[in-house]
Amino acid sequence: MLRMKLQTKYHFFLKRFRIFYYVEQNNFFSLFFFSLCIYSFNFLIFTSI
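In terms of our numbering, the numbers along the sequence shown are unbroken and rise by one, the last being 73.
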């Protein structure tokens with residue numbers, strides 16, 4: 025009984041952690057993409073001048 029309770033708690037924690045990890049990864053990738061876009065935009069401006 026106690027073991028089952030612990031297991032469900034652990035699974036719940038794992039699921040939340042996985043979602044959080046996934047969000048963090050996506051944020052990192054979006055940040056990287058955003059910086060890349062800004063960099064390319066600046067490059068275009070400098071080349072046009």
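All C-beta atoms, glycine included, are put in the ideal place defined by N, C-alpha and C.
In this structure, the CA atom of residue 57 is about 14 Å from the CA atom of residue 48.
A direct Cα-Cα distance of roughly 49 Å separates residue 69 from residue 36. As the crow flies, the alpha-carbon of residue 50 is around 18 Å from that of residue 38.
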